[in-house]
Every structure is written in structure tokens, then in C-alpha cells.
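Chemist: Pasting a structure below so you can have a look.
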Amino acid sequence: MRGIGKRFRSGVAALAGIDLDIGDGEFLSFVGPSGCGKTTLLRIIAGLAEPSEGERRLLLGADGGGRMSRERVGFVFQDPTLMPWGTVVDNVLLPFRIAGRAGPAERERVGTELRAVGLAGFERAYPRELSGGMRMRVSIARALVTDPDLLLLDEPFAALDEITRMALNDDLLRLWEARRTTVVFVTHSVFESVYLSTRIAVMTPRPGRIAADLTIELPQPRDRGLRASPTYAATCATVSDELARAMAEGSR
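Numbering (the working numbering), first residue to last: 1 to 252.
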């Protein structure tokens with residue numbers, strides 16, 4: 001992204017001067033205050049919204065015009081956005097149905113992804129029969145079923161209890177470590193961002209700018225024991241300090 005800015009028709013400036021490269025296989029988290037444009041930036045990366053200024057180029061799996069097939073981008077929203085009338089299989093199969101192909105190979109792929117997110121045995125369940133964490137697992141399976149090059153997650157665990165959130169953090173890390181899909185993750189939680197990420201971009205209040213770009217040098221693979229380590233605590237303190245500076249910069 002080069003010089004990305006976004007101004008809405010209302011006149012509100014959401015983003016300004018975003019310069020950022022996201023590398024193949026990275027796990028990048030955006031951290032910043034509410035309203036700083038994190039979700040807007042994620043939608044621009046996905047191609048779901050256009051910037052008012054600047055240039056965005058998606059190079060993974062791209063054609064000569066710098067465009068990426070929607071099948072190569074997976075998006076997990078804060079709300080699981082499942083079809084209440086469809087079973088778990090129906091919901092995960094949806095990207096293939098939209099693409100006009102939902103045969104045996106695609107159904108086998110759905111089964112593979114449901115096993116990967118720990119939902120084997122729940123194929124015929126309906127969303128109303130699942131817990132909040134299980135519904136989010138369905139949403140993640142649906143995003144992964146097309147084997148995307150780029151996986152975007154917009155505060156997917158914000159509404160979950162702490163125990164479920166930590167379990168899903170571990171599951172997401174396990175999936176990323178196995179596949180090395182490029183992941184861009186939005187969160188309000190410094191602790192979550194440090195635990196998950198290889199890199200964190202700290203954003204200022206609106207209009208959102210990148211105030212700090214931090215490489216997270218913690219051991220891989222990660223497990224819950226890391227959360228109790230002095231290195232993890234020190235890294236969280238560093239990110240918290242950068243966030244405080246970004247907030248102060250934005251208030252000037």
C-alpha cells in the first residue's frame with residue numbers, strides 16, 4: 001500500500017498516508033483505538049472498499065493488473081455471519097456454491113476444514129445449536145475452504161469469553177503454522193496481538209496512520225506457556241508504550 005487514504009462521503013477522514021508492505025507468510029496485526037480505521041483498512045486490502053487516494057496492489061496470485069481472485073482471499077468478520085437455515089456443511093460449502101461448483105471434491109474439502117477447526121461430528125448441526133466459539137470456528141473453516149493466499153480477520157474473537165478466546169488463538173496459530181497463509185488480523189488487544197503475530201502495526205486515532213511497525217521476535221511455535229514468560233510481558237509492554245504514543249500523537 002502506498003499513500004492510502006480514505007474519506008467517506010460524510011467528510012470523515014478515516015485513513016491518511018498509509019504506506020505498508022505485507023510479506024508472504026506473515027501474521028500481521030493492526031492494533032489501535034476504536035474508530036481509527038482498522039476495519040476500513042482491512043476492507044481496502046480485501047478489495048471490498050476502494051481508497052480515496054493512494055495505491056493498493058495485491059501481488060500474491062495476481063494477474064498482470066495486480067488483482068486477486070476473491071477465492072484467493074478469505075475474510076472472517078467479527079460476527080460469524082452464518083446462514084441460520086443452513087447446516088454447518090451448508091455454511092462452509094457456500095464459497096463453492098457461489099462459484100458454481102459444489103461436487104464431491106468440494107464436499108471432501110469442507111470435511112477436511114471442519115476437522116482442522118475441531119468440528120468433526122457437527123456437520124449437520126445448525127448455527128442455533130452451536131456455542132459462540134463453535135460458530136466462529138465455522139466462519140474460519142468457511143474462510144479457509146478455498147485455500148486462500150490471504151486470510152483477513154476483523155476482531156473475530158472480541159465477543160467471546162476469555163477461555164474460548166485463548167483456545168481459538170491457539171487453534172488459529174496452529175492453522176497458520178501448518179499452512180503459512182498470509183494473515184492480517186485486527187484486534188483491540190495488545191496481549192492477543194503479541195501472542196499471535198510476527199509483526200504488529202500500531203495505528204493512530206482517526207484519521208488512522210501507521211505510528212509504529214514492530215517485528216515480534218518470540219519463539220515459534222507458540223503455546224500458552226509463552227504468556228507467562230518475561231519476554232512476552234516485555235514485548236506487550238513495548239507495544240502498549242507504542243500505542244500510548246500513537247494515542248498522544250493523534251490527540252495533538
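Every residue gets a Cβ at the ideal spot worked out from N, C-alpha and C, and that includes glycine.
Which value, in whole angstroms, describes the spacing of the CA atoms of Arg57 and Leu150?
Modeler: Position 57 of the sequence shown, counted from the first residue, corresponds to residue 57. Position 150 of the sequence shown, counted from the first residue, corresponds to residue 150. Near 13 Å, if we compare the C-alpha coordinates of Leu150 and Arg57.
Chemist: Quick check on Leu168 - is its C-beta less than 7 Å from some C-beta in chain D?
Modeler: Absent from the structure: chain D. Only one protein chain is present.
Chemist: Label Ala234 either buried or exposed according to how many other C-beta atoms from any shown protein chain fall within 10 Å of its C-beta, with 16 as the threshold for buried.
Modeler: Along the sequence shown, one-based indexing puts residue 234 at 234. Its Cβ having fewer than 16 others within 10 Å, Ala234 is exposed.
Chemist: Could you check the C-alpha separation between Arg180 and Ala244 for me, to the nearest Å?
Modeler: Translated into positions along the sequence shown, residue 180 becomes position 180. Translated into positions along the sequence shown, residue 244 becomes position 244. Taking the straight line from one Cα to the other gives about 31 Å.
Chemist: Figure out for me which residue from Thr198, Val89, Asp241 has the closest Cα to the Cα of Pro127.
Modeler: For this step, residue 127 is matched to residue 127 along the sequence shown. Of the candidates Thr198, Val89, Asp241, the one whose C-alpha sits nearest the C-alpha of Pro127 is Val89.
Chemist: With C-beta atoms as the reference, is Ser193 less than 7 Å away from Ser52?
Modeler: Counted from its first residue, the sequence shown places residue 193 at position 193. Counted from its first residue, the sequence shown places residue 52 at position 52. Contact flag unset, no.
Chemist: Could you check how far apart the C-beta atoms of Ser139 and Leu218 are, in whole angstroms? I think they sit under 8 Å.
Modeler: As a working mapping, residue 139 is identified with position 139 in the sequence shown. As a working mapping, residue 218 is identified with position 218 in the sequence shown. 27 Å between Cβ atoms; not a contact.
Chemist: By Cβ distance below 8 Å, which residues in the same chain neighbour Arg199 in space, the five residues on each side in sequence not counted?
Modeler: The residue labelled residue 199 in the question sits at position 199 within the sequence shown. Here the set comprises Glu26, Phe27, Leu28, Ser29, Asp213, Leu214, Thr215, Ile216.
Chemist: According to DSSP, simplified to helix, strand and coil, what is Arg222?
Modeler: By one-based count along the sequence shown, residue 222 stands at place 222. Coil.
Chemist: Ignore the nearest five residues each way along the sequence and tell me which others in Phe77's own chain have a CB closer than 8 Å to its CB.
Modeler: Taking the sequence shown and counting its residues from 1, the one referred to as residue 77 is at position 77. Excluding positions up to five away in sequence, the list reads Ser139, Asp154, Pro156.
Chemist: Assuming Asp19 and Arg2 make a contact with CB atoms under 8 Å, what is their CB distance in whole Å?
Modeler: As a position in the sequence shown, residue 19 is number 19, starting the count at 1. As a position in the sequence shown, residue 2 is number 2, starting the count at 1. Contact flag correct, Cβ pair sits at about 6 Å.
Chemist: Among Arg224, Ser189, Arg135, whose alpha-carbon lies nearest the alpha-carbon of Ser34?
Modeler: Along the sequence shown, read from residue 1 onward, the residue named residue 34 stands at position 34. Closest by alpha carbon: Ser189.
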